[in-house]
Amino acid sequence: MNRLSVRLPDVALLVVGLVTVAYFFLTHEGLYAIDDYFYSRYAHQLATGSFHTVPDPQGLLHDPLKERWLIFGPVALLYRLFGVNIITTTLWPLLCTLGCAVLLWALYQRREPVVAAGAMVLLGLHYFTLNLSNYLYPDNILMFWCLAAAAALLTGRKRGFSGQLAWGAGFAGLNFLALLSKETIVYYLPFYLGLLALDVVRQRNGRFWLSALLSGAVLLGAYLAFYQLATDDALYRIHLIENTNEFLKEGNFLEGNRAGLLARVTWQPLSFLLGIGLGIALILALASLFRFQKEPASDAGFWVGLAFSTLAFYWFGSTSVTQYNPITLIPRMTTPLLPPLCLAAGFGLKHYVQTGRGGGWLALALLAAAGWVRSSVSVIYGLLAVLVMVQTVLAGVSTAQGRPSRNQPGTRRFAVLALLGLTLGLLIRPVYFMTKPGVSSHFDQDRLIRQHLPRTARGVVFVDDYLISNYDFYYGYHVPPGLQFRRYWARDSVQLNPGEQAWLLLNHSTLTNDELTRRLIRYSADSVLQWFPRRQVAARAGKVTLYKVRL
190 MNRLSVRLPD VALLVVGLVT VAYFFLTHEG LYAIDDYFYS RYAHQLATGS FHTVPDPQGL
250 LHDPLKERWL IFGPVALLYR LFGVNIITTT LWPLLCTLGC AVLLWALYQR REPVVAAGAM
310 VLLGLHYFTL NLSNYLYPDN ILMFWCLAAA AALLTGRKRG FSGQLAWGAG FAGLNFLALL
370 SKETIVYYLP FYLGLLALDV VRQRNGRFWL SALLSGAVLL GAYLAFYQLA TDDALYRIHL
430 IENTNEFLKE GNFLEGNRAG LLARVTWQPL SFLLGIGLGI ALILALASLF RFQKEPASDA
490 GFWVGLAFST LAFYWFGSTS VTQYNPITLI PRMTTPLLPP LCLAAGFGLK HYVQTGRGGG
550 WLALALLAAA GWVRSSVSVI YGLLAVLVMV QTVLAGVSTA QGRPSRNQPG TRRFAVLALL
610 GLTLGLLIRP VYFMTKPGVS SHFDQDRLIR QHLPRTARGV VFVDDYLISN YDFYYGYHVP
670 PGLQFRRYWA RDSVQLNPGE QAWLLLNHST LTNDELTRRL IRYSADSVLQ WFPRRQVAAR
730 AGKVTLYKVR L
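If you're matching positions, the sequence shown starts at 190 in the working numbering and goes up one per residue.
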């Protein structure tokens, strides 16, 4: 066992866990977009017994979200236990995010403590890992199952003759759970097939693969049979995805942006990965790529192979099997890549910590990344480059003096300082967002609705064009029968019945949210108030105000 520091993984797990939970609560903005609202609504339907798997009667088939049962299924259980609110809605992705750190700790905290600590820090403190922890999106949930499946593959192939049957079945089961989360588990398929071919040629691990293939066939067969019974189409989910691609093809690279295809499959993915802060993981993984061949007993080769085969799929792969449409370059599409990439980087970090070699090249690569992206992320790359250079110089001075020093590579202090510098650099962006004011005022709005628009209220509530699509969430999908919610611009078409009241709900955060004002909100708070001149403040919480209005 590597004894540089057996406690580093414990400390890294604690830091990552605390930062993740703090980020979850300090930056929570409620529902983000239509996807998480749909997942939440499906969870409520499942919890109340009103969920049904039936084909789209119009044949449009452009909602694949309903088939991702492992996204909203656990949320349905949470709804049954604790009720519908934004915390129960997003607790499942938080648990999966924390689960990834726990899996990394369990895999290597004894055998490879520096690898475990480095991978946990790189994955757990990556800004977009944290960013996706408090939204009901499939990406961090999928990431957990991807990591668990890959760990089962690695562990199962090492087991003795008798243990491989169980591990093979477990490997198939975990991949099936990933499939029920999101289709992009297919990113790992090339690596799986390559490893299977290699084991067949070498006549190894036959029981593992036989168990995995038979278990996978049974699970997949049952899955297809279910769809055949429910929809009369065993390949319903595939057809759903293909029809979704057809529905959206005007925006893809072959229909709507053919001129941008060359850039998309050449330099743009690299620029994108550097721009979202994955430069340090990429650089360390590349360092590991050239090192693992000298350590044949190490697991580095496994994670390097999975990382770069997944990266190749992301770089050149397609969202469709019938038309070539490269995968969208957005951060949440990279989550299957993150676990193997960060583990491969962990092995690269281990080599640097043990030997001190390559520090200069590492610093130069980080400076090059900073110069390439020319954004706020450049500050992180630049800071890490300086820290690596300073540590490398100090180590070189200690070596040149010929005296034992705690600053030398291979020592506990060297490892601690390297991981501390990495942690501080990665914390810059999350801490910045944790200290920023919110942009949705979700909790204030929720409190006003629950306290001042109760189930006994009767009348009309005028709301903005964002809230009109998800106001039922605030009532646990049971809107009071006496209330109607209407858009602001419908004010002239509303007539109140005797005993009814009209309210105006004005959320200043929504009306100044850049993401919404660019594509949905076309009015300001002042203009809304001019539309309702006869008004009286009923309640106020933060940037949200509820008015009683006379029409």
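Just so it is clear, CB atoms sit at the ideal spot from N, CA and C, and this is done for glycine as well.
Bear in mind that the values here come from a model prediction, so they are computed numbers and not experimental data.
- Considering only Thr499, His540 and Val586, the residue with the shortest C-alpha distance to Pro528 is Thr499.
- Assignment of Pro643 by DSSP, reduced to helix, strand and coil, places it in the coil class.
- For Phe479, no beta strand (DSSP E) encloses it, and the DSSP letter there is neither H nor E.
- Judged by DSSP in its simplified three-state form, Asn514 adopts coil rather than helix or strand.
- For Tyr324 and Ala290, the gap between their C-alpha atoms comes out near 18 Å.
- Glu704 sits exposed, since fewer than 16 C-beta atoms from the chains shown fall within 10 Å of its C-beta.
- Counting only the Cα atoms, Ala554 lies some 9 Å from Ile469.
- Leaving aside the five residues that flank Arg723 on each side, the residues in its chain whose CB is nearer than 7 Å to its CB run, in chain order, Val738 and Arg739.
- Ranked by Cα distance from Ala552, the first of Leu369, Leu576 and Ser239 is Leu576.
- Val582 counts as exposed, since fewer than 16 other beta carbons sit within 10 angstroms of its beta carbon.
- Boundaries of the alpha helix (DSSP H) harbouring Tyr541: Leu527 to Thr544, taken from the DSSP string.
- Sequence-distant Cβ neighbours of Asn434 in its own chain, meaning closer than 7 Å and more than five residues away, are Thr508, Ser509, Gln512 and Asn514.
- Cβ contact annotation for Tyr666 (same chain, cutoff 7 Å, sequence separation greater than five): Arg230, His233 and Val273, in chain order.
- Listed as beta-bridge partners of Asn696 by DSSP are Val733.
- In this chain, the alpha helix (DSSP H) harbouring Arg426 covers Tyr425 to Phe436.
- Within the same chain, and ignoring the five residues on either side of Met623 in sequence, the residues whose Cβ sits closer than 8 Å to its Cβ are Ala211, Tyr212, Leu215 and Thr216.
- By the CB criterion at 9 Å, Leu700 and Asp633 fall outside the cutoff.
- Looking only at Gly410, Leu284 and Cys335, the smallest Cα-Cα distance to Phe360 is reached by Cys335.
- Taking all protein chains shown into account, Ser698 has 16 or more neighbouring C-beta atoms within 10 Å of its C-beta and is therefore buried.
- Phe603 sits close to Val542, with the two beta carbons spaced by under 9 Å.
- When the beta-carbon positions are compared, Ile465 and Phe317 come within less than 9 Å of each other.
- A Cβ-Cβ separation of about 10 Å leaves Thr286 out of contact with Asn320 under the 8 Å criterion.
- Val738 has Ala691 and Arg724 as its beta-bridge partners, per DSSP.
- Gln353 is not a Cβ neighbour of Phe415, given a cutoff of 9 Å.
- Trp550 is the residue among Asp635, Trp550, Gln640 and Val586 whose C-alpha sits nearest the C-alpha of Ala574.
- Residue pairing by DSSP places Gln673 opposite Val649 in a beta bridge.
- Leu615 is not a Cβ neighbour of Gly648, given a cutoff of 9 Å.
- The continuous alpha helix (DSSP H) containing Met309 extends over residues Pro302 to Gly313.
- Burial check for Thr373: the Cβ neighbour count within 10 Å reaches 16 or more, so the residue is buried.
- Apart from the 5 residues on each side of it in sequence, Pro520 sits with its Cβ closer than 6 Å to the Cβ of Phe317 and Ile465 in its chain, given in chain order.
- Here DSSP, grouped into helix, strand and coil, assigns Ser322 to helix.
- In the three-state scheme derived from DSSP, where H, G and I count as helix and E and B as strand, Ser507 is classed as strand.
- Taking C-beta atoms as the reference points, Pro669 and Arg644 count as a pair closer than 9 Å.
- In the three-state DSSP reduction, Phe380 falls in the helix class (H, G or I).
- The DSSP-derived three-state label of Ala295 is helix.
- Within its own chain, the residues whose Cβ lies closer than 6 Å to the Cβ of Ala607, once the five positions on either side in sequence are excluded, are Val542, listed in chain order.
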